[in-house]
Structure formats: C-alpha cells, structure tokens
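Chains as they are written, first to last, in the numbering used here: chain A, 1 to 229; chain B, 230 to 1060.
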Ligand SMILES: Nc1ncnc2c1ncn2[C@@H]1O[C@H](COP(=O)(O)OP(=O)(O)OP(=O)(O)O)[C@@H](O)[C@H]1O
Ligand SMILES: [Mg+2]
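Okay, structure coming up:
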C-alpha cells in the first residue's frame, strides 16, 4: 500500500425514496449515488421541493430508504433498526438545521452538553465549554435560546454539532433564516471547524456563493445528483 | 449508560423546574395528594381519638362481656401486655329500705374501675356534683337519686342488699358506662366487688353480666384485641369504643363517608387536571425528543429518562402534597379540637404512604400512556416540521386513566359497590361527554360553513381539533362540576343531614310507664306545655322463627346479627305509620285491620335475612305470636325519636302486657318540672339524653365543617382544571393567532372568535356538568345516605349560564395578551 485509502464517511448507492400520499405515489429520489469522503465539504443545491432534505434524512439514517443502500461511517444502514441507527449516529453525526432546533428550555451550554451526555462522554463539561468558546459564545453560556439572536442560536447549534467531534456534519440550509452577512459568518465557522476537526460537511443551500466555498458542488435534479463545475 | 440516564434526567428535571414546564402537573398532583392525605391524616387521628373517647362510654378501651367470668388466660395475657384490668358484675336485685323492697340493677366493680372516664357523685340532692377517681369503698353503696327518693332513707343510713347491710355513701349522678343502652329500667346501685361475697347474691347459677374492662396504650390494646378476636368464643362479646354507642357511630360514620366522598370528587377532578397537564407536557416534549433522536439518543434511553424524570417529579410533588395535606389536616382538626380536647393523638405515617402511592398511581396512569407516544416521534421531525405529532393511542390513554382511576377509587371508597357506582357514573359521563361533544363539533362545522367572520373563525376553531375539544370540554365540565357540587349539592346534602336533628329533637325519654299511667302522664306533660309527646306501647319478645326456620344466634356469622338474634326485641303496635318512618317495601296496613302483620325495620331485615312475606314468630311472655311481614320500614336511629324494630297492628299485639315509652323535648328553662314528675310517677324512669344529643349534634356540625374544608380542595382542583384547560388552548392558539394576525385579521375579529369559541365550550361543559351534578347529588342522597334529594332547577340555570359566562370570559381574558402582543413575538415564542 503506497497511499492511505481515503475513508468514505457516507455513501449512497441506487438510493430511492417513494412516499404514498392521498394523491398516489410520489417519487422524491430515484437511483441516486453519492460518496462523501472524510474531511470533504460537499454542497448540495437544488430547487425547493427537489428532495434535498429528504436525502439528508436518509444519509443520516433518520428515515429509511425505499430502495438502494446507504452506508454511514462504514456501516450499511439497512441492517440496523431505528435504535441501532440512533446509536450509530451518537457522537459520529452532527446536525445543523435551518430553524436552529435548540431546546428552548435548556441554556446555550446545556444544549451543547446534551449530545455529549447522550453518548456518556467523560469530559462532557470541558468539551462543551471549549466548543462554546470556539464559536465565541462563552459569555452567553447561561442564556436561553430565546435570549439569543438567530445568528447566535445557529452558532450554539454549530457548537453542539461539533462538540462530540463527529465524522460527518449535515447542515440543512443553515443560513436560510439569516441575513447575508450573518450567513457568511456561519459558513466561515462551519468550514473552519471542518478543517480543524477533519469532519466531512454536507451542506444544503440555495446560495451559490456559499456553495462556491465548498470542495464540491452537486445539484439535485429529478431525484438524482449531478455535479456542477 | 445508567449514569448518563441519571445525568440527563437530573438536567431535564432542573430544566423543568426553571422553565415551569411542570408547574401545572405539579399543582394538580400536589392538590390530589394533599386532599387524600389531609383526609387520611384527619380520619386517622379522629378514629384513634374516637376509640379513646368511645372508651369513656365503656369506662375502658376494651371490654369483654359474657354470662360467666372471662377465662383467667384473658386476664394474664392482658397484664403481660401491660394493660390495666378491672372486672364488673351486673345483675338485678332488690334493696331493702324502710319503705319496702326496691328493684335495682346492681353493679359490683373492682377498685380500679372506671379505667376511662370519671364517676360523679353528690353528697345530697342539692349538693354540687364532684368527680371521683374510684368507685365506693368497702361497706358503702352508691345509688341513683331516684332510688334514694324511693327508699326514703337519708345518706349515711344502712340498707340491706342480699345477706349484708351497706351504708348509703353518696348519690351516683354520673356513670360513664351507663350500660344497657338507653333503656335501663331499674335504678343503679354501685358497690365494691369486695363486698359481693357477703351479699350471697351471686352463685354460679345466677344471671349475671360479667365484664372485663381493659385499658392501656393504643398499640397494646390493638395487639390484645388482635390476639383475642380469633379465639373469642360465641358466648363472649368484645366491645370497643367504636361499637359502644350506635347513635354516635351512625353520625360519625356518615361524616366519614362525606369526607371520603369529597376526597373522591377531588380525585376525579384533579385527575383530569393531571391528564390535561400531562398531555400538554408531552406535546411540548415532541421537538426535544426529535432532536435528541437526531443526536443519537436511542429510544430506550429516552424512555428511561422520561419515566425516571416523571417518577422523581411525582415523588417530590407527592411529598409536597403530603406536607400540604398535613397542614390542611391541622385546619380540619381545628374544627373538632374543642370536642376531642387534648385527647386527639398525633397522626400516623400511614397517610403519607397512601398519599405518595396515590400521587404515583395517578401520575403513571394519566401521564405514562401519552409519554409512550413520545418514543414514536420520528427524528425526521427535526428536519421537517410538517410531519406533525404521532397520533396518541386513544385506547391506551383511556385504559391507563381508567385503570388508575379504578384503582384509586376502589382504594379510597373502601367499598366495591360504591366504587363500582362511581366508576359507572364516570364512564357514563365520559361516554355522554364524548358523544355530545362530537355531535356539537358536527353541528359547529355545519354552522361554521354558513357563519361568517367572527362566528366562522370561532366555531371552526372548535371543529378543527375534535380530540382537543373533547378533552377541553371534559376538563371544563369537571371544573364546573366541582363548583356546582360545592355550591349547590353540598349545601343541599348537608342541610338535609342537619335537618335530621332539629333544635327541638327529643332530649328526654320516659320509659316503664304502666298502661294505667298513660293517661295521667299524658295529662301531666300536657299540663307542662309538652303537647306533642306521643306514648308508644312497648312489648318485649324474642324472635324464635323465620318461616319454619328456628333462630339460632350461632348460625349468624355477622356478630351484629348474632347479637340481635340473641336478644329480646322491643316490639310495638300502631294504627298509623310514624311520621318520620318511610315504607321501603310492601304496604302499611289499613286502619282497623284485623289481619296479623309485622312491619320490620329495613336494616334489621337485612341483617337477619328477613324478606317481605316471611312469617315471623316471636315468643312473648310465655306464648308464641306469629304473623307475616307485610312491610319494611326505613328508620332514622339518630333522630332521637322513639322507634321500634318490629311493629304490628293493634289487633295482633294490643292484648299483650306492655309498658309505654315516650320522648320529648324539654327546654333547659323548664327542667324544674323533673322532681315533680318523679314524685308523681315514682316507677317511671326518666332518662336525660341531652348530653348524648349534644354529642351527636356536635358530630354533625363538626362533620359539616370538616366536609366543607375538604371541599375547598375540590374547589381548588376545579379551578386548576379550568386553568389547565385555558393554558392548553393558549398554547394551541399561539401560532394560529400569530399567523392570522400577520394575514391581517383584526384584533376585534380574533377576540370575537375567541369569545365565541370559549362561550360555546363553556355552555356545553356547563350542561354536562349540571347533568352530572344532579345525578351525583341524587345518587349520594338516595343511595348512600338514605336522604331525600330534591330536583334543583337553580342548579341547571347556574350551571349552564354561569359556565358559559365564566369560561367565555376567563378564556377570552386569558388569551387577550396574545392579541395585544406583536404577532412576530407570538410566532417566535411558539417556534
Ligand atoms: N413524508 C412525506 N410525505 C409526503 N411528502 C413528502 C414527505 N417527505 C417529503 N415529501 C415531499 O417530497 C418533496 C421533497 O421534499 P424535501 O423536503 O426533501 O425538499 P427540499 O429539497 O428540502 O425543499 P426545500 O428547499 O424547500 O427545503 C416535497 O415535495 C415534499 O412535499
Ligand atoms: Mg429542505
């Protein structure tokens, strides 16, 4: 072996997703292939309703595919049940959402602590402090989400996502609710932390300028992904 | 994993505490537990106090009665357990005075007698009473005042009793265990047991009532009676304070039933507050669960965390509830303090256990089923808000709640039949409720289609979430029900109860009136302004057969039945039914009938297994009298009127040797007539039951007060349910209103729609509550307490209109702050 094989943190092959509604079956994804390598930043663009969030959910094992196969951190998800997938996620997968999704009744620090405690991390407290410090919010540690601005809330969410040192981080339109300047700061933070931690980043966004800053750009179209130059 | 469960639970609990998320649930729980434990503490103390006080009525904590001396073993066991003992013997005899022999009832007592209570004596007819610690010394006899008058001897003179002569030492004016019920005919003579052999009156063959008196601390007494009960032969009877006075027992029993019922109502109402609050709690957890699932929390961990969190919370709330209950109990005790004096023992720990168990059962039953639904929240919800909440399994929720309620009601009611009735009532109400709300929702949808503006918005709000509407209306309905019960039914019921003992209730009995004295006595009483006194004939008879079955006391398992079967009844005959009696089965005989017939008191009939149409045979002064039972009667024993177990038409018993009895009310101011009465009719016995009457009346009054205090808990629970309901609807409306307002809906329109929705909810809740309140009142009165209950139109008016107004107003006012706040703020909070 002359070179280290590049680790693949998330992989989808022939992925398809159907949902049955009152007006018949709707195909959201069809024959989708994707490989995300460790440390890589991938941007996914696409029209609203094209299935980006659905893909993210499937990659992270939040939902099960109609057909095709998904591997997360080297494990095929089809072999796992709900709880198995949750256990696989714990500590290895981070999330950042468009609407922040902080627990409103926990302080900023406690929100960051939560995933660490779920995985039974021994040095949870120090890691949480560190992560919060990294996003520049140490002075706001005791504040509740509703006392923070949108940008600050998203920074707490990012600290929460990175604190357990995940292998991959999924971000679904993390700047969608923010103004442009704040959005840029958030992307800076995400990309910097990506570099520092070596975690892969899968970023869903509508903003081509943000997508520009990722290593690769893919467009969702007709249930599949195509590369953008 | 265990440590992380614990750590997360702790964090969430701390968070609950800060965020106020659990306040509503906590308040509901605390209230439930407080009500249960307050009544628990109270009845616990009262019961112990009762035994003590009842002890005065038998001059001991425990007594063993028999026709022969109690086995030596009993006494040894008692001393070994540290109990004090004394023996008494009672028998009829005659005392020889200068004016000839007088029939008396002799009691010979060991020196320590009385073990509970005190004797009071006088040193002359007009001398003041003094309290003494012990009975007469050797060589002395203490007698009742009327005997002294009949004897015509002064105090200090010697009288003959059997083969000995004893000195008249004092007038016995009060004897705590004035036994044999109210009707002790012959005057009492009290002597020292040491003088008994000298009288030669007691031989193994003579008819003597032996009694072993025992007293000591409660635990020892309880242990002793537990030891004794299984080995007690049929010819011995165990008597304790509780069974000593039936009139007293009946009133207290009623009071405690009222208390337990009030608790049950509180339980029901607070239960729905718990259900509402748990539902809301669960709804507010859904997002958190979705996020934690995203972050990799497995389902079982979340479940453990939630159940642990709930259990810890429940435990804390229950303990606080117990504390509140204990404080509440102090208020209850204050209502009866003067009556029990310093005698009331401290509360035991048992109610704490009961309270905590109640809290936990209620919480688990009401909150765990909705919690289970949480595990089914998809983590995908974090990505897609539109996924909505998983449908709660209604069947599971209903099952959980029903199970918890059934368990608690059964436990509290301590009576399977009552619990069954209550549960049936609840099931019926809930069923009616769901059906009517669904019908209303359909109606409202129909109306909303046609209505415009405010009306459309308001009615649509009701129809959009039928489950929520049902829950909310149920909650409001129960709240209103609590208020109605408090305001109307309680007053009616308690009034009915109190009216059973009017201020003019008889306080004196005249017994042993000879037939030829009937007219003179009536005339005398009339002359004293006591016109209403009715004289009833009284005949002693022993029941020998029901149909062809001979009566054998030993055949009855129930000790009360056994006692009744063994003893002589007081029978009577009458043309008309006594005004305060009611026929419950069969018919009263027509006036002037010649046909033989018996009318039997309902309770006696039940105890002895006598049915309508049975042929009863009595043995009356040497011959048998038989007749069929043609009616059953309901009698209020605590009314202090003269009443009889068995009555016949005059044609059947009119010829038997009878004495007459009457009861009347004599105001204090007129007690001066008593000496004159005694002089005119020396053989007639006058019994003053004023003291007993006062005691029973005190029980009723204190009981009413205590019940009212407990109903305050019910009231609080009712308020809480309403508050929980309004809060839940606030949460439901927050987002909706934000959106409607951004869409340009005016404040006035929103306010109008709220008013429409809440008023409609209130009207329906009020209607249902009124139906249920009327039913409850009727059920309680007729079935449980044997009281008449009248239909109350005011209840319906207050119930329906008041509820519409109250809930319409309260709901609208509570939601108003949502309207004056900028829509963005509202939306942001909702997110
Ligand atoms: N569980 C579901 N039931 C019904 N339809 C669904 C479900 N999940 C997704 N869809 C539909 O699939 C399509 C893709 O949804 P998805 O949320 O993945 O789009 P998206 O690319 O993330 O859009 P946006 O940029 O607006 O967030 C949409 O039309 C959506 O309505
Ligand atoms: Mg999306």
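We treat Cβ as the ideally placed atom computed from N, Cα and C, and that holds for glycine. The model shown is predicted, which means the values in this text are computed figures rather than measured ones.
Kindly indicate which residue of the options has the alpha-carbon position closest to the one of residue i.
i	options	result
residue 650 of chain B	B:1008, B:884, B:233	B:1008
residue 362 of chain B	B:340, B:822, B:255	B:340
residue 541 of chain B	B:311, B:240, B:857, B:358	B:240
residue 747 of chain B	B:912, B:255, B:393, B:267	B:912
residue 28 of chain A	A:11, A:49, A:35, A:13	A:49
residue 764 of chain B	B:1028, B:741, B:771, B:784	B:741
residue 586 of chain B	B:550, B:899, B:427, B:563	B:550
residue 864 of chain B	B:368, B:817, B:629, B:813	B:813
residue 73 of chain A	A:45, A:35, A:138, A:184	A:35
residue 1069 of chain B	B:646, B:701, B:654, B:638	Nothing in the structure corresponds to residue 1069 of chain B, since chain B is present only between 230 and 1060.
residue 1073 of chain B	B:1041, B:989, B:1040	As shown, chain B starts at 230 and ends at 1060. That puts residue 1073 of chain B outside it, with no answer to give.
Going by other Cβ atoms of all chains shown within 10 Å of its Cβ, with 16 needed for buried, is residue i buried or exposed?
i	result
residue 555 of chain B	buried
residue 53 of chain A	buried
residue 760 of chain B	exposed
residue 226 of chain A	exposed
residue 455 of chain B	exposed
residue 162 of chain A	buried
residue 458 of chain B	exposed
residue 860 of chain B	buried
residue 259 of chain B	buried
residue 172 of chain A	buried
residue 1118 of chain B	Nothing about residue 1118 of chain B can be reported from this structure: the residues present for chain B run from 230 to 1060 only.
residue 784 of chain B	exposed
residue 1004 of chain B	exposed
residue 221 of chain A	exposed
residue 1070 of chain B	In the structure as shown, chain B starts at 230 and stops at 1060, and residue 1070 of chain B therefore has no counterpart that could be examined.
Who are the near neighbours of residue i in its chain, counting only those whose CB is closer than 7 Å to its CB and skipping five residues on each side?
i	result
residue 411 of chain B	For residue 411 of chain B, the predicted structure reports a pLDDT of 45, less than 50, and the residue's modelled location is therefore unreliable. A value from the coordinates is still provided. Cβ within range, chain order: 738, 916, 918.
residue 326 of chain B	380, 381, 382, 388
residue 398 of chain B	365, 369, 370, 371
residue 102 of chain A	111, 145, 153, 156, 157
Can you list, in chain order, the residues of its chain whose CB lies under 8 Å from that of residue i, leaving out five sequence neighbours each side?
i	result
residue 333 of chain B	321, 322, 323, 324, 372, 376, 415, 416, 417, 418
residue 449 of chain B	310, 311, 312
residue 186 of chain A	151, 154, 155, 158, 174, 175, 178
residue 31 of chain A	14, 15, 16, 68, 223, 224
residue 143 of chain A	107, 108
residue 629 of chain B	593, 594, 595, 597, 598
residue 243 of chain B	none
residue 230 of chain B	For residue 230 of chain B, the pLDDT reaches just 47, beneath the cut-off of 50, and the residue's location in the model is therefore unreliable, although a value from the coordinates is still provided. Excluding residues within five positions, the ones whose Cβ falls inside 8 Å are 530.
Quick check on DSSP: helix, strand or coil for residue i?
i	result
residue 410 of chain B	Unreliable positioning characterises residue 410 of chain B in this predicted model, as indicated by a pLDDT of 45, which lies under 50. A coordinate reading is not provided.
residue 897 of chain B	helix
residue 879 of chain B	helix
residue 154 of chain A	helix
residue 232 of chain B	helix
residue 295 of chain B	strand
residue 393 of chain B	strand
Are residue i and residue j touching if we call contact CB-CB under 8 Å?
i	j	result
residue 178 of chain A	residue 136 of chain A	no
residue 704 of chain B	residue 265 of chain B	no
residue 502 of chain B	residue 950 of chain B	yes
residue 539 of chain B	residue 600 of chain B	yes
residue 92 of chain A	residue 166 of chain A	yes
residue 991 of chain B	residue 1028 of chain B	no
residue 238 of chain B	residue 537 of chain B	yes
residue 799 of chain B	residue 862 of chain B	no
residue 90 of chain A	residue 1006 of chain B	no
residue 257 of chain B	residue 506 of chain B	yes
Can you give me the Cβ contacts of residue i inside the same chain, cut-off strictly under 6 Å, excluding the 5 residues immediately before and after it?
i	result
residue 429 of chain B	391, 392
residue 823 of chain B	880
residue 440 of chain B	292, 294, 317
residue 523 of chain B	608, 611
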